[in-house]
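Add 531 to a position in the sequence shown, counting from 1, and you land on the number used in my numbering.
Glycine included, each C-beta is placed from N, C-alpha and C at the ideal position.
Written below as structure tokens is the structure these notes are about.
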Amino acid sequence: GLSDRVEVRRAALDEALGEGERFALVVADPPYLRTDETGRWPEDPVGAIDGGPDGLDGARMCLEVAAGHLLPGGTVLLQLRTVEQAESLRPFAEAAALDLREVRAGERGVVALLGALVTRR
Numbered sequence: 532g533l534s535d536r537v538e539v540r541r542a543a544l545d546e547a548l549g550e551g552e553r554f555a556l557v558v559a560d561p562p563y564l565r566t567d568e569t570g571r572w573p574e575d576p577v578g579a580i581d582g583g584p585d586g587l588d589g590a591r592m593c594l595e596v597a598a599g600h601l602l603p604g605g606t607v608l609l610q611l612r613t614v615e616q617a618e619s620l621r622p623f624a625e626a627a628a629l630d631l632r633e634v635r636a637g638e639r640g641v642v643a644l645l646g647a648l649v650t651r652r
């Protein structure tokens, strides 16, 4: 019953959103494996799983793009592989005026909840 309030886009991340678009919630599941780990999953397309040398290239881009398109008080829900990845994003998130508020680990990965800081830069 939410189809009129949810929009899914398929595009390059830095081209997916228009100037001035703002959202209350951004959900992102970027590639989060380190490049040297991608061979362990030969059934997956490399572009879908390769997150760069530390596995966080896509996550950093997601946070950068999302931060510029969140409504005040908005939230980013980010899928990652480990709690350590989420914690290592904390300084980058803060620089993008996002606060890492919660990290939940499950059997297949981690979900990080980040919120827009009230005072945006």
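Problem set entry | Distance CB(A628)-CB(L602) smaller than 9 Å | Stepping through the sequence shown from its first residue, residue 628 is reached at position 97. Stepping through the sequence shown from its first residue, residue 602 is reached at position 71. No, Cβ-Cβ distance for A628 and L602 is not below 9 Å.
For this session: With DSSP as the reference, please indicate the residues paired to V641 in a beta bridge.
Result: Mapped onto the sequence shown, residue 641 falls at position 110. V641 is bridged to L611 and A636.
Exercise. So L677 is in the alpha helix (DSSP H); what residue range does that whole segment cover?
Worked result: Residue 677 is absent from the model: the chain starts at 532 and stops at 652.
Problem set entry | 6 Å CB neighbourhood of R651 in its chain, flanking five on each side removed | Taking the first residue of the sequence shown as 1, we reach residue 651 at position 120. Below a pLDDT of 50, predicted positions are generally treated as unreliable, and R651, at 47, falls in that range; the measurement from the model is reported next regardless. Within the same chain, R651 has close Cβ partners A628.
Exercise. In its own chain, which residues sit with a C-beta less than 6 Å from the C-beta of D630, not counting the 5 before and 5 after it?
Worked result: For this step, residue 630 is matched to residue 99 along the sequence shown. Contacts found: G646 and L648.
For this session: Measure the CB-CB distance between P622 and G586 and report whether it falls below 9 Å.
Result: Taking the sequence shown and counting its residues from 1, the one referred to as residue 622 is at position 91. Taking the sequence shown and counting its residues from 1, the one referred to as residue 586 is at position 55. For P622 and G586, no; Cβs fall outside 9 Å.
For this session: Thinking A617 and A598 are a contact (beta carbons under 8 Å), I'd like their distance in whole angstroms, please.
Result: Here residue 617 refers to the residue found at position 86 when the sequence shown is read from its first residue. Here residue 598 refers to the residue found at position 67 when the sequence shown is read from its first residue. About 16 Å; that fails the 8 Å criterion.
For this session: Please indicate yes or no: does the CB of L556 lie closer than 8 Å to some heavy atom of the ligand MG?
Result: Absence of the ligand MG is noted for the structure shown, with no ligands found whatsoever.
Exercise. Which residues in the same chain have their Cβ closer than 8 Å to the Cβ of A579, if we skip the five residues on either side of it in sequence?
Worked result: By one-based count along the sequence shown, residue 579 stands at place 48. Only P562 meet the Cβ criterion.
For this session: Assign L609 to buried or exposed, taking buried as 16 or more other Cβ atoms, counted over all protein chains shown, within 10 Å of its Cβ.
Result: Along the sequence shown, read from residue 1 onward, the residue named residue 609 stands at position 78. With 16 or more other Cβ atoms within 10 Å, it is buried.
For this session: Give me the Cβ distance between M592 and L556, rounded to the nearest whole Å; I'm assuming they're in contact under 8 Å.
Result: As a first step, residue 592 must be located in the sequence shown, where it is residue number 61. As a first step, residue 556 must be located in the sequence shown, where it is residue number 25. At roughly 18 Å, the Cβ-Cβ gap does not stay under 8 Å, so M592 and L556 are not in contact.
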